[in-house]
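Asks: Handing you a structure now.
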């Protein structure tokens with residue numbers, strides 16, 4: 001079964017696995033490709049290879065050569081679109097991976113409707129929502145891009161990329 005825009009299961013939509021995709025490039029100012037991947041994953045209700053869910057990964061461009069020489073790594077956001085068993089619903093969490101580790105959550109000031117967390121050295125940004133409310137896919141993606149932009153203020157607008165990860169393992 002798929003999920004409609006309001007988060008309700010649609011029995012007319014057949015539940016299938018999300019296709020494995022390679023990296024797709026996009027511009028920071030036009031994240032339509034990322035929104036499309038998030039919608040695709042949500043519509044399938046895919047539990048992922050290990051049953052823990054499927055994530056859409058967003059990665060900022062690699063640091064410039066000088067920064068890279070000093071050990072800077074690309075910043076990434078892992079949007080947990082489905083959870084265990086393929087569940088789709090609020091709150092959605094985004095794991096932030098950067099040079100700052102769990103402290104990245106302390107650097108960000110969460111906008112209204114969002115929360116941050118430093119859990120066991122991992123930074124998370126969470127989109128909250130009311131039960132039965134329509135999912136805000138564009139807002140979810142915008143939150144991930146916003147967080148990465150704050151963690152990597154030197155990142156250019158071009159060269160961002162996204163992909164689906166069916167190998168997610170969560171504890």
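Residue numbers (my numbering): 1 to 171. Glycine included, C-beta positions come from ideal geometry on N, C-alpha and C. Note that the structure is predicted; figures quoted are calculated from it, not measured.
1. Among residues of its own chain, excluding the 5 on either side of residue 114, which ones have a beta-carbon nearer than 8 Å to its beta-carbon?
2. Where do the N-terminal and C-terminal ends of the alpha helix (DSSP H) with residue 42 fall, by residue?
3. For the segment 141–159 against the segment 26–34, do three or more pairs of beta-carbon atoms, one drawn from each stretch, fall closer than 8 Å, so that the two count as touching?
4. Return the residue from the list 39, 96 and 48 that minimises the CA-CA distance to residue 121.
5. Compare the Cα-Cα distances from residue 99 to each of 53, 123 and 141 and report the closest residue.
6. By the DSSP assignment, the beta strand (DSSP E) with residue 125 in it spans what residues?
7. Do the CB positions of residue 104 and residue 117 come within less than 8 Å of each other?
8. Helix, strand or coil for residue 119 per DSSP?
9. Among the candidates 75, 90 and 88, whose CA atom is the shortest distance from the CA of residue 60?
Replies: Result, derived from the coordinates:
1. 125, 126, 127, 128 and 143
2. 32–44
3. yes
4. 96
5. 123
6. 122–127
7. no
8. strand
9. 75
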